[in-house]
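Numbering (the working numbering), first residue to last: 312 to 595.
By construction, the Cβ of each residue, glycine as well, lies at the ideal position given by its N, Cα and C atoms.
Please read all numbers here as calculations on a predicted model, not as lab measurements.
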């Protein structure tokens with residue numbers, strides 16, 4: 312937890328009420344963002360994203376697997392987040408495990424939809440190689456290197472960038488005349504297909520402090536929140552997922568307003584992220 316005096320708490324809440332936050336930003340303004348790609352050479356795709364003093368890394372590893380019986384026409388994606396004990400004092404011991412689990416579940420919900428795959432922002436059908444027999448399994452790992460608030464949005468952005476950096480090896484399949492036999496699969500070492508990220512959303516978290524809500528909250532601002540709603544939005548302004556944290560309840564009208572604001576803000580955030588991705592790819 313962030314230790315603040317009563318004066319500091321009053322200053323934070325008062326500034327948000329007047330639309331002038333402690334670091335000079337408006338309520339709906341993000342911190343400066345920087346993006347790097349290809350930071351983990353052993354992965355199929357990777358990225359580092361910094362939002363202010365928050366720094367996260369995401370990597371994607373692709374492996375051939377077998378589709379589940381329930382979903383023979385879809386590949387599989389798993390997301391796991393690890394919080395470095397050096398990222399923040401609260402990450403030492405049990406605190407790191409609890410937060411890692413919370414972030415992993417929230418990202419799964421916002422990016423992969425329900426257990427059935429319905430509402431998935433990542434197109435799982437694009438990962439199929441042979442229906443019912445061979446698919447690509449994507450293992451997405453996130454690492455919190457430094458924490459100063461808004462981890463979920465930063466991790467989602469890093470995953471989107473890492474997926475844009477991901478190359479899936481081209482696969483040649485030889486099917487036997489007997490349908491019950493396993494197909495022969497030849498994985499190319501030098502031909503790669505770019506992963507389609509057109510449907511992959513960003514996450515915008517609106518943090519409610521007093522009567523107002525803000526985007527990209529710092530750790531100090533998060534310590535004063537009553538609740539927060541994270542909305543996953545793609546470039547078509549479609550809602551791909553939603554999650555809430557904090558004990559305070561919210562009226563339905565407030566949630567609908569927060570979703571509307573998130574849709575608007577997400578397009579600005581995605582535009583900046585796309586520009587940063589292009590710049591990062593040119594720099595490689």
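Assignment of residue 344 by DSSP, reduced to helix, strand and coil, places it in the strand class. In this structure, DSSP gives residue 492 a state outside helix and strand, which the three-state scheme calls coil. Out of 459, 533, 410, the CA that lies nearest to the CA of residue 363 is found in 459. Around the beta carbon of residue 485, fewer than 16 other beta carbons lie within 10 angstroms, which makes this residue exposed.
Beta-bridge annotation (DSSP): residue 478 is paired with 505. Segment contact: the segment 469–485 against the segment 349–367, three or more CB-CB distances shorter than 8 Å; contact assigned. Per the coordinates, the alpha-carbon of residue 496 lies some 9 Å from the alpha-carbon of residue 445. Around the CB of residue 549, fewer than 16 other CB atoms lie within 10 Å, so the residue is classed as exposed. Nearest to residue 344 by alpha-carbon distance, out of 322, 576, 586, is 586.
Counting only runs that start and end inside the segment 317–376, the beta strand (DSSP E) elements of at least 3 residues fall at 344–348, 356–362, 365–376.
Burial state of residue 594 is exposed, judged by a 10 Å Cβ sphere holding fewer than 16 other Cβ atoms.
The DSSP-derived three-state label of residue 548 is coil. Of the other Cβ atoms in all chains shown, fewer than 16 fall within 10 Å of the Cβ of residue 522; this residue is therefore exposed. Shown here for residue 339: same chain residues with a beta carbon closer than 8 Å to its own, the five before and five after excluded, namely 525, 526, 572, 576 in chain order.
Remark: fewer than three beta-carbon pairs, one from each stretch, lie closer than 8 Å, so the segment 369–382 and the segment 508–515 are not flagged as touching.
In the structure shown, the three-state DSSP call for residue 511 is coil. For residue 380, the secondary structure class from DSSP, reduced to helix, strand or coil, is coil.
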